[in-house]
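When you number the sequence shown by this note's numbering, it's gap-free, plus one each residue, and the end is 1133. For every residue, glycine included, the Cβ atom is placed at its ideal position computed from N, Cα and C. It should be emphasised that the depicted structure is a prediction, and the values quoted were computed from it without experimental measurement. Shown next, in structure tokens, is the structure this report addresses.
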Amino acid sequence: MTGAQNPPRRQGSTDDPRSPKVEGKTIQDLLGGRREPDPPLAPLIGNVQQRAHLDLGGTWRVLVDPLDRGERSIFGGGGLGSDHAPESPGEVVEHDFGDAYEIKVPGDWNTQHPELRWYRGVCWYRREFDFSAPQDNRLFLYLGGANHHARIWLNGTLVAAHRGGFTPFNVEVSDQLVEGKNVIVAKVNSLTRDIDIPTERNDWQNYGGLTREVLLVEVPGVFVRNCHIQLARASARRVEGWVDVDGAAPGTTVTVEIPDAGLRFETETDGSGRAPVGFEAELELWTPESPVLHRVDVRVADDHFEEEIGFRQIETRGNEILLNGEPIFLRGIAMHEESIRHPGRAYGPDDAAASLSLIKELNCNFVRLAHYPHNEYMVRAAERSGLLIWSEIPVYHDIAFENPETLASAKQQINEMIERDRNRAAIAFWSIGNETMPSDARNHFMQELAEEVRRADRTRLVTAALLSIEGMQGAAAHVGARLRGDSPEPVRTVISDPLGEFVDVIGYNQYLGWYAPTFLARGMGASEEQVREAVLDSVDEFELDTAFQKPVIVSETGGAARQGVHGERLDAWSEELQAAIYETEVAALVDRKGSPVRGLSPWILKDFRSPMRLNSRMQSYWNRKGIVSPEGERKQAFFVLQRHYAEHAERTRR
Ligand code: GCB
């Protein structure tokens, strides 16, 4: 016989007629269960805190599920999401949230119970709430961030599924809510796969859980979902953007008002619910020195949406970064989203205020929020305090650049990050990743991401933190010559990573005083101290340039010290060594003449948790490159940076 043949059946497979069945289900179905398909999410609602909402934060019950059996296994009695309790004394159900952990939401699970310190995997969350449905209004369940993937059931129905731990998502639940007692169950899996962003190989603790707000947001039938109201690119007078209306018929009137400027603009929705916005306005502009925000009122039908919006222009010209048409130098610092007030993930106004007060004390006008989008409180508070922001998606080191699912995830995270923060004047840079190794697959992937950012928002600059691959060879030759007693020529490092082509501003991570001597000493037959001394003595001779005629931000630089450890200038882990690196390498970057460096964000404000840092005397799972300790005690380097930034601010009067 020729032509198509039936494929051989695997014995015991679901479609094998010999496979025993119980009510139409195979034993495999019953044991393994079937994962329900992901329900679609709703487009993201902007400025949720300003909307009427029920805050579902507080104490939730949490069950640890290390083998990920709670959803698929028969032991779960149909899955924990179904919230099924025994209906008779004889019914066996192998789950019960009864005396499970109590965990606070928002918050990570790792720092709330010692046994969960390094736990990576699945936890199930449950809480009940009373609810009385308002007539005619619509309700959306909004999660500010669930790390890393979440599936959510409301009253036994799977209502949402989301991947990506640092961006918000929402879903309409008007039809799933009931009068009186409601139950919400969330499965959160913090373990990432090799095709996820990020992977498990990170130099930071990737805390798991419902780390940000969980809200039930109430809106009228027709409502403003979000808006983009910003100065048009390359104009200080023209406000442009759109208002997205949910539930509106085409031709519905939308008004936009800026009361303090006496402005009122009327527009109407098109077939997709979008109403274009464009008008001339003379507004006081946002700057770090004067971070003015204007109240913007958007109205449609019975809905009133309110935002505080700053207006400013950010662009580049050659090697310059221009803010409102004037060159600016960025005195920055990088930070992870960890609290100084308590262990673990930061969240909320008090955590933001604690970090910001240190950053302002340093005389900064810029902060790099690494390596993933930080919570909305932080972004809004930084904006109010006059800091320009670099916001980043967690494309970090070696992700699966050739995998289409990975690319889709990166694009999704870009869009969610931008959608939440598209009206924040403070955000000047969207970063598409950190330290990715050049290859054809990487280049293509990153080019796609740069284009995705520009599709979503033309009013900010695209950046990425590049690896300092070019610097090492020159450094080796220079240091070698110095150690032989010669007087070598300055080293000119030209950043030529092809990624430089796709971004507007080049981020560059450089650790001349910290990592370079460790690497170089091995191959040079010299001690690490000798090499480090030679490097630190000659930082002025390390010149940085690019093949791209674009501004550079040195997005990382610095070294480690354990707070309270003192020694000689070159002693590893001492505050003295870290201060020496700041006094030489870092200081040389502040307003360096004749170079394309237009800012820096040394690594890093505070020591942060990292499972990679295994020196138990000095690190004990902390990356010690903070210029303050985990509790916020200032190391010597803090004062060095503070002084250089103060002098720079004085010199430039900004
Ligand atoms: C880097 C990475 C950052 C690390 C840092 C370090 O280049 O971008 O994630 O934590 O160096 O301390 O090694």
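Assignment of glutamine 952 by DSSP, reduced to helix, strand and coil, places it in the helix class. Proline 883 carries a helical assignment under DSSP once its states are collapsed to helix, strand and coil. DSSP places threonine 1036 outside both helix and strand once states are collapsed to three, so it counts as coil. Counting only runs that start and end inside the region 984-1008, the beta strand (DSSP E) elements of at least 3 residues fall at 984-988. In this chain, the beta strand (DSSP E) harbouring histidine 707 covers 702-710.
Here the alpha carbon of serine 966 sits roughly 7 Å from the alpha carbon of alanine 960. DSSP lists Tyr987 as the beta-bridge partner residues of leucine 945.
In terms of Cα proximity to alanine 754, the closest of Ala1067, Ala1125, Ala760, Glu745 is Glu745. Secondary structure note for proline 755: its beta strand (DSSP E) is the uninterrupted segment 753-759. Within 7 Å of the C-beta of asparagine 1102 there is at least one heavy atom belonging to ligand 1. Ligand 1 approaches glutamate 1035 closely enough that one of its heavy atoms is under 7 Å from the residue's Cβ. Cβ-Cβ separation between glycine 1111 and isoleucine 819: approximately 4 Å, consistent with a contact (criterion under 8 Å). Shown here, lysine 839 sits in a helix according to DSSP, grouped into three states.
Bounds of any beta strand (DSSP E) do not take in glutamate 692, whose DSSP letter is neither H nor E. The criterion of a C-beta distance shorter than 8 Å is not satisfied by valine 932 and isoleucine 800.
Closest in C-alpha terms to threonine 590, from the list Asn685, Glu805, Pro565, comes Asn685.
Relative to aspartate 900, the option among Pro917, Trp683, Glu871, Asn922 whose CA is nearest is Glu871.
As DSSP reads the structure, tyrosine 875 sits in a beta bridge with Asn913. Relative to ligand 1, the beta carbon of histidine 1127 is positioned no closer than 7 Å to any heavy atom.
Counting C-beta pairs closer than 8 Å gives fewer than three between the region 721-731 and the region 629-641, which falls short of the contact rule. Bounds of the beta strand (DSSP E) holding threonine 972 are 970-974. Remark: the C-beta of histidine 850 is in contact range of ligand 1, defined as less than 7 Å to any heavy atom. Its Cα nearest to that of glycine 750, the residue Pro729 stands out among Glu607, Pro729, Leu1049, Ser561. Glutamate 566 sits away from leucine 559, with the two beta carbons spaced by 8 Å or more.
Remark: fewer than three beta-carbon pairs, one from each stretch, lie closer than 8 Å, so the region 826-840 and the region 595-611 are not flagged as touching.
Considered as a whole, the region 650-688 harbours 659-668 as its complete beta strand (DSSP E) runs of no fewer than 3 residues, in chain order. Alanine 944 is a Cβ neighbour of asparagine 913, given a cutoff of 8 Å. At the C-beta level, phenylalanine 610 and valine 650 stay beyond 8 Å of one another. Of all C-beta pairs linking the region 801-819 to the region 995-1002, fewer than three are shorter than 8 Å, placing the two stretches out of contact.
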